[in-house]
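Structure record follows, encoded as structure tokens.
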Amino acid sequence: MNNIISVKDISKAFVVKGGFLKPRCRVLALKKISFDVAKGSTLAVIGESGSGKSTLAFILAGLHRPDEGEVIFEGRDLIRLYDSDRLIRKNIQIVFQDPYNTLNPRYTVYDTLKEPLLLHRIVSAKKVKDEVVKTLETVGLRPEYLDKFAHELSGGERQRIAIARAVILKPKILICDEPTSNLDLSIQAQILNLLLDIRKKDDLTVLFITHDISIASFISDNLIVLCDGEIVEEGKSECVLNDPQNSYTQSLLKASLLQD
Ligand SMILES: Nc1ncnc2c1ncn2[C@@H]1O[C@H](COP(=O)(O)OP(=O)(O)O)[C@@H](O)[C@H]1O
Ligand SMILES: [Mg+2]
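Its first residue numbered 118, the sequence shown is counted upward by one per residue in our numbering.
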């Protein structure tokens with residue numbers, strides 16, 4: 118199997134400050150997690166709120182440092198890269214749950230998409246505008262959007278811009294941390310379909326984080342189930358969802374069927 122990324126024994130703890138009559142405590146967000154992601158596949162990471170999904174996403178995107186463990190990307194340990202090697206980080210991009218918080222309110226759409234291109238010198242200054250317009254088109258928006266600010270966009274449009282900002286760097290891996298949880302149902306489907314189109318077109322490897330097992334079954338080839346910072350089940354999505362072995366996965370599936 119051709120793995121693009123291998124996560125080995127990653128652990129991460131947070132110290133939570135105490136307050137009045139509340140002692141300081143240590144939360145173990147991830148406990149020796151290991152898994153591989155095959156190149157070009159989509160892996161769903163499923164778990165309830167607080168199970169450690171975002172902590173994992175942040176570590177893979179280089180936004181948190183784990184206490185121990187390795188993240189091997191194309192043969193190199195991402196955690197121990199020298200600063201000069203951090204350019205390879207451009208290969209792993211992330212789309213967050215709430216694009217409103219991650220888009221700069223003072224930036225137009227053009228500014229937002231231009232910045233990563235210039236920072237990583239993806240194209241020459243002359244070609245920046247063409248590349249921005251092309252990427253806008255990829256996410257289903259017309260060039261008229263270039264001059265709009267985040268507050269002038271709908272939730273779905275904002276998420277399209279966040280996706281555009283990630284894919285404009287032509288990453289090899291796209292991490293989506295519950296990208297549709299804050300959207301209306303009909304918009305959720307549009308954004309999921311957009312991600313499926315982009316994945317196919319760019320041959321992307323995707324890590325799709327969700328608490329919604331029905332979305333996971335729609336979008337992923339393989340899945341891992343996180344519970345309290347540990348992987349309790351993993352395998353081909355179809356097999357796990359048809360015949361879950363772990364009682365936690367079974368309860369997630371039951372809860373999702375009740376909702377439908
Ligand atoms: N920056 C942080 N400071 C303190 N605790 C944190 C921080 N980030 C996450 N946690 C804790 O780590 C655990 C896992 O959180 P998180 O990774 O956000 O879970 P999920 O994304 O699955 O909801 C939770 O108990 C959460 O409270
Ligand atoms: Mg989260």
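Where is the CB? At the ideal position from N, CA and C, for every residue including glycine.
Predicted model, so just to flag it, every value in this text is computed and none were measured.
Answer yes or no: the CB of residue i versus the heavy atoms of ligand 2, is any distance below 6 angstroms?
i, result
"LYS244", "no"
Tell me whether residue i counts as near ligand 1, meaning its Cβ is closer than 6 angstroms to at least one heavy atom of that ligand.
i, result
"SER171", "yes"
"GLY167", "yes"
"ALA146", "yes"
"PHE266", "no"
"VAL133", "yes"
Ends of the alpha helix (DSSP H) at residue i?
i, result
"ASN310", "302-319"
"SER354", "354-359"
"THR172", "170-177"
"THR322", "Here THR322 belongs to no alpha helix (DSSP H); instead the beta strand (DSSP E) covers 322-327."
"GLU269", "GLU269 -> no alpha helix (DSSP H), and no H or E assigned at all."
"LEU286", "Careful: LEU286 lies outside any alpha helix (DSSP H) and carries neither H nor E."
Leaving out five residues before and five after residue i in sequence, what residues of the same chain have Cβ atoms less than 6 angstroms from its Cβ?
i, result
"SER168", "LEU343 and CYS344"
"GLU261", "none"
Considering only the alpha carbon of each residue, which of the options lies closest to residue i?
i, options, result
"ILE278", "ASN299, LYS318, VAL245 and TYR227", "TYR227"
"CYS293", "ILE315, ASP301 and ASN221", "ILE315"
"ALA161", "GLY352, ASN208 and LYS371", "GLY352"
"ALA283", "GLU269, ASN299 and VAL249", "VAL249"
Grab the span of the beta strand (DSSP E) containing residue i for me, first residue to last.
i, result
"ALA146", "142-155"
"SER331", "Not the beta strand (DSSP E): SER331 falls in the alpha helix (DSSP H), residues 330-336."
"GLN210", "209-212"
"THR159", "159-163"
"GLU232", "Premise fails: GLU232 lies in the alpha helix (DSSP H), 226-236, not in any beta strand (DSSP E)."
"GLU261", "Run containing GLU261: none; DSSP gives neither H nor E here."
"ASP294", "290-294"
Which residues in the same chain have their Cβ closer than 7 angstroms to the Cβ of residue i, if we skip the five residues on either side of it in sequence?
i, result
"GLU350", "VAL342, VAL357, PRO361, GLN362, ASN363 and THR366"
If you drop the 5 nearest sequence neighbours on each side, which residues of the same chain put their C-beta closer than 8 angstroms to that of residue i?
i, result
"LEU311", "VAL256, GLY257, ARG277 and ILE280"
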